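Asker:
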Amino acid sequence: MPRLQRLAGALALVAMLALGGCATAIKPHETSGAPTLGFQNMALNPGNGGELVAADALLPGDIILTAENGLNSVGIRLITLSPVSHAAVYMGNRQIAEAVGSGIRIRSVNALLEDEATVVAFRHPDLTAGQAVKINTFVASHEGKKYNYVGVMLQAPFALERRLCELPLVPSMVRDFCIRGIAAVQLGLGRNDQFFCSQFILEAYRSAGLPLTDADPRLINPGDLLHMREGDVPSIMIHKPLRYVGHLKAAPQVVASEQLER
Numbered sequence: 429m430p431r432l433q434r435l436a437g438a439l440a441l442v443a444m445l446a447l448g449g450c451a452t453a454i455k456p457h458e459t460s461g462a463p464t465l466g467f468q469n470m471a472l473n474p475g476n477g478g479e480l481v482a483a484d485a486l487l488p489g490d491i492i493l494t495a496e497n498g499l500n501s502v503g504i505r506l507i508t509l510s511p512v513s514h515a516a517v518y519m520g521n522r523q524i525a526e527a528v529g530s531g532i533r534i535r536s537v538n539a540l541l542e543d544e545a546t547v548v549a550f551r552h553p554d555l556t557a558g559q560a561v562k563i564n565t566f567v568a569s570h571e572g573k574k575y576n577y578v579g580v581m582l583q584a585p586f587a588l589e590r591r592l593c594e595l596p597l598v599p600s601m602v603r604d605f606c607i608r609g610i611a612a613v614q615l616g617l618g619r620n621d622q623f624f625c626s627q628f629i630l631e632a633y634r635s636a637g638l639p640l641t642d643a644d645p646r647l648i649n650p651g652d653l654l655h656m657r658e659g660d661v662p663s664i665m666i667h668k669p670l671r672y673v674g675h676l677k678a679a680p681q682v683v684a685s686e687q688l689e690r
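Right, here's the structure in full:
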């Protein structure tokens, strides 16, 4: 009997974790305005109402989310249940800034496009030119600083436990409170001079006086940034949704299917 109880408990936990990441929210219907249940959108390709754009479409401060085919990217996407695994910020002059294993670095958009399989851009609707300059100043002051390896290592167990907060029908405020509570226990006190990719983006925006959320940047992963887009359901409370700019690069099979449809 105890063995059956343990098995039942394990199956229940697996089921809850499987459902986790299906965050929902009550939203007004696009046409009628009636309250409807919205689900977190896991899709990310130009076929879902998107488009392919050139780097000329970018503005300083745009948030770039990417995914590549390596094991690290696949692992991050599996753990976070997200189609993206990395985040960077556009600085202008066809350059991006990002936090990677070697530290904070600046490189060209072309180099990013060569390395990544999917590259998609989002824009904060209220970002001013002056705030974009402040983001670039923040980047310049942190270029070359070390990567937050400890923060990334803590993300794996945190990403699994937080799924219990993201079960369907959990109210947004309850979900937000739950995730922050687990983060306080799992992530503890961290350093503010080392960053991983998405944490770096949050801190850069915060330095410009335009925080994306009041939540601790250390609990935000690239998938969380994706779900901050318009029409999606963010896992944590945000100040304003991000606008989709376009795909700079999409998976080959997606592009091929689009061309066939045309």
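Take 429 as the starting number for the sequence shown in this note's numbering and just add one per residue. Virtual Cβ for every residue (Gly too), placed ideally from N, Cα, C. Given the structure is predicted, the values throughout are model-derived calculations rather than measurements.
Three Cβ pairs or more, each shorter than 8 Å: is that satisfied between the region 597 to 611 and the region 555 to 571?
Answerer: no
Asker: The alpha helix (DSSP H) with Q559 in it runs from where to where?
Answerer: Start and end: A557 to H570.
Asker: Hey, would you say L493 sits closer than 9 Å to A515, going by beta carbons?
Answerer: yes
Asker: Please confirm whether F550 and V673 have their CB atoms less than 9 Å apart.
Answerer: yes
Asker: Closest to P488 by C-alpha separation, out of T565, M581, K573 and A495, would be which residue?
Answerer: T565
Asker: As a quick exercise: from R603, Q614, F586 and G529, pick the residue whose alpha carbon is nearest that of C593.
Answerer: R603
Asker: Express the C-alpha separation of V580 and S501 in angstroms, rounding to a whole number.
Answerer: 13 Å
Asker: Does any residue of chain D have a CB that is nearer than 9 Å to the CB of G531?
Answerer: Protein chains in the displayed structure number just one, and chain D is not present.
Asker: Straight-line CA distance for D621 to K573?
Answerer: 8 Å
Asker: Three or more beta-carbon pairs under 8 Å between the region 646 to 661 and the region 576 to 590, yes or no?
Answerer: yes
Asker: Nearest-angstrom Cα distance between A632 and V567?
Answerer: 7 Å
Asker: Looking only at its own chain, which residues have a Cβ that is under 7 Å from the Cβ of G478, when we skip the five neighbours before and after it?
Answerer: Y672, G674 and H675
Asker: Just checking my contact of I491 with A584 at CB under 8 Å: how many whole Å lie between their CB atoms?
Answerer: In fact, because the Cβ distance is near 23 Å, the residues do not count as touching under 8 Å.
Asker: Expressed to the nearest angstrom, what Euclidean distance is found between the alpha-carbon atoms of V512 and A485?
Answerer: 21 Å
Asker: If I measure Cβ to Cβ from A636 and keep anything under 6 Å in the same chain, skipping five residues before and after, which residues do I get?
Answerer: Q559, K562 and I563
Asker: For the beta strand (DSSP E) that M656 lies in, which residues bound it at each end?
Answerer: Where M656 is concerned, there is no enclosing beta strand (DSSP E), given that its DSSP letter is neither H nor E.
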